[in-house]
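Take a look at the structure below.
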Amino acid sequence: MPTSFTFQSSIGSDGTSGSWYDDAGTITAVQDDGSIIPGDEVTLSGFAPFTMADGGVAGGTGYYLGSGIFDGVVGYVFGNADTVGGNTQFFVVFDAPDGAQFGTAIAFNDYAADPSSQTLSDDAACFAQGTLISTPVGERLVQDLVIGDLVQTSDGRTVPVKWVGRQTTHKVFASARVQPVRIAAGALGCGRPHTDLVLTSDHAIVLDGLAINAGALVNGTTIVRVPFDQQPEVVTYFHVETDEHDVILANGAPAETYVDYVQRRAFDNYREYLDLYGEEKTIPEMRLPRISAARLVPPGIREKLAGHSSAA
1 MPTSFTFQSS IGSDGTSGSW YDDAGTITAV QDDGSIIPGD EVTLSGFAPF TMADGGVAGG
61 TGYYLGSGIF DGVVGYVFGN ADTVGGNTQF FVVFDAPDGA QFGTAIAFND YAADPSSQTL
121 SDDAACFAQG TLISTPVGER LVQDLVIGDL VQTSDGRTVP VKWVGRQTTH KVFASARVQP
181 VRIAAGALGC GRPHTDLVLT SDHAIVLDGL AINAGALVNG TTIVRVPFDQ QPEVVTYFHV
241 ETDEHDVILA NGAPAETYVD YVQRRAFDNY REYLDLYGEE KTIPEMRLPR ISAARLVPPG
301 IREKLAGHSS AA
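Going left to right, the sequence shown walks through residues 1 to 312 as UniProt numbering numbers them.
So this is what it looks like as structure tokens:
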């Protein structure tokens, strides 16, 4: 079956006029490789013809351009050219009947008038729902953390949570950069993590003084990319922000907190951050070398991971 997803509402706009409609429609990949990522050609069916016309995809074909947040609602954006800059009309779809919200339509029309006002994203670097974060009073589910809660760092300090970014992702729209990685219990040595840890590929684990993206640690045995058919259709990821880029314990493993490596705009609750703080705060990256590719992981770390794999 071709890769496809059915949405419940849509908006089409050229930045000066537009329309929205709450009815189911389906996006299907022209080239079926299991996912739909920015630049992929798709067919669009079932949406209201006038909405598709306003969005420049009246012919029923278009290109996926990425996702954005419009009046607090996540929308998947399409056009009749394969880059944002190649379009003057845009079509956005939602998987819930939120398109009828007047504010959402206005926000998307504003984007269509000035696409430079928002960078579309398909990236997040976060913990999967269900991850346990160490706090002074025991572990708590990452989705239960709230602003002001104290979390424990890997060196024994306690720091307050400033914000918890949240992003809901449909697996068919997830690029390789956001494919989840599963680190098996004990894979990092010394019983770390204490239970399987799932996080996105670009989220760093701290080992031997290096911030190493989870995707770079994949060894095919104890650290693996979660197979597509084992992923839920929809998954929510969470990122914990503290005053500084820091190292906290996730399922007992040392993992980074939020840094400006990923835009806050990528998160569904970005507006919440602006309401709280008024403007974005720049968080400098901690002074640890970052490794984002497997070929750059030091042989010594590879050997340790292989040893833990053999012992498992």
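Backbone N, C-alpha and C define an ideal beta-carbon position, used for all residues, glycine too. Nothing here was measured: the structure is a model prediction, and the numbers come from that model.
> For residue 207, which option in 297, 168, 228, 234 has the closest C-alpha, if you only look at C-alpha atoms?
Replying inline: 297
> Going by other Cβ atoms of all chains shown within 10 Å of its Cβ, with 16 needed for buried, is residue 274 buried or exposed?
Replying inline: Looking at its Cβ environment, which holds fewer than 16 other Cβ atoms inside 10 Å, residue 274 is exposed.
>> By DSSP's criteria, residue 43 is part of a beta bridge. Which residues make up the other side?
In response: 28, 61
> What are the complete beta strand (DSSP E) segments, minimum 3 residues, inside the segment 158-207?
Replying inline: 158-160, 163-170, 180-183, 197-200, 204-207
> What residues are listed by DSSP as bridge partners for residue 256?
Replying inline: Here residue 256 is bridged, per DSSP, to 247.
> How many whole angstroms separate the CB atoms of residue 79 and residue 91, which I take to be in contact at a CB cut-off of 8 Å?
Replying inline: 7 Å
> Just curious, the beta strand (DSSP E) that residue 6 is in, first and last residue?
Replying inline: 4-7
>> Taking a contact to mean a Cβ-Cβ separation below 8 Å, would you say residue 192 touches residue 252 in this structure?
In response: yes
>> Using CA atoms only, rank isn't needed, just tell me which of 129, 271, 99, 6 is closest to residue 26.
In response: 6
>> Do residue 186 and residue 109 have their beta-carbon atoms positioned less than 8 Å apart in this structure?
In response: no
> In three-state DSSP terms, what is residue 51?
Replying inline: Residue state, collapsed to three classes: helix.
>> On a Cα-Cα basis, can you pick out the residue from 184, 182, 28 that is closest to residue 325?
In response: One cannot answer for residue 325 here, as it falls past the ends of the chain, which runs 1 to 312.
> For the candidate residues 209, 98, 255, 292, whose alpha-carbon lies nearest to that of residue 142?
Replying inline: Taking only the C-alpha atoms, the option nearest residue 142 is 255.
>> Quick check: residue 219 and residue 201, are their CB atoms within less than 8 Å of each other?
In response: no
>> Just to confirm the assignment, what range does the beta strand (DSSP E) spanning residue 210 have?
In response: DSSP places residue 210 inside the beta strand (DSSP E), whose first and last residues are 210-213.
> Hey, would you say residue 118 sits closer than 8 Å to residue 180, going by beta carbons?
Replying inline: no
> beta strand (DSSP E) containing residue 285: first to last residue?
Replying inline: From DSSP, residue 285 is part of no beta strand (DSSP E); its letter is neither H nor E.
> What residue range is occupied by the uninterrupted alpha helix (DSSP H) comprising residue 104?
Replying inline: 102-113
> Alpha carbon to alpha carbon, how far is residue 82 from residue 61?
Replying inline: 11 Å
>> Quick check on residue 238: does DSSP put it in helix, strand or coil?
In response: DSSP places residue 238 within a strand segment (E or B) once states are collapsed to three.
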